[in-house]
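Below is one structure; the comments refer to it alone.
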Amino acid sequence: MNATPAPNREAQLEAVLQAALYLLGARQDQMLTIEEWTDLARAVAACQERKTAEYLTDHDLEDIAERYALEWDEAADGPLPTLDE
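If you're matching positions, the sequence shown starts at -19 in my numbering and goes up one per residue.
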């Protein structure tokens, strides 16, 4: 059997590696932003065939919905909380 990952799987693993390297670099610089957490959550979610929102806290999701202008695709990332005005 061939142990080489399929091309799509290879791309997913590369995305996780890049996100993890980015996060570790940010940690060394004492900064962890919602963008960095979201990138890491997206990469892991893609590898696990899950939604980004499943790997973020409720507080993170509320912040994204309320304050941050992150690109968010509900089909891929999952729903954001509805904010009461």
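Yeah, the Cβ is synthetic: ideal placement off N, Cα and C, and Gly gets one too.
Note that the coordinates shown come from a computational prediction; the quantities given were computed from them, not determined experimentally.
Alpha carbon to alpha carbon, how far is residue i from residue j?
i: T18; j: L36; result: 7 Å
i: P61; j: A23; result: 21 Å
i: Y48; j: D57; result: 15 Å
i: A33; j: L41; result: 7 Å
i: R7; j: T13; result: 10 Å
i: V(-4); j: D9; result: 20 Å
i: E54; j: R30; result: 12 Å
From the DSSP output, in three-state form, read off residue i for me.
i: W17; result: helix
i: E29; result: coil
i: E51; result: coil
i: L63; result: coil
i: G58; result: coil
i: L(-7); result: helix
i: D9; result: coil
i: L36; result: coil
Please confirm whether any heavy atom of the ligand FAD lies closer than 7 Å to the CB of residue i.
i: L63; result: Annotation note on the ligand FAD: not contained in the displayed structure, which lists no ligands.
For residue i, count neighbouring Cβ atoms within 10 angstroms of its own Cβ and tell me buried if that reaches 16, exposed if not.
i: Q28; result: exposed
Checklist entry - Is the region 13 to 29 touching the region -5 to 4 in the sense that three or more CB pairs, one from each, lie closer than 8 Å? => result yes
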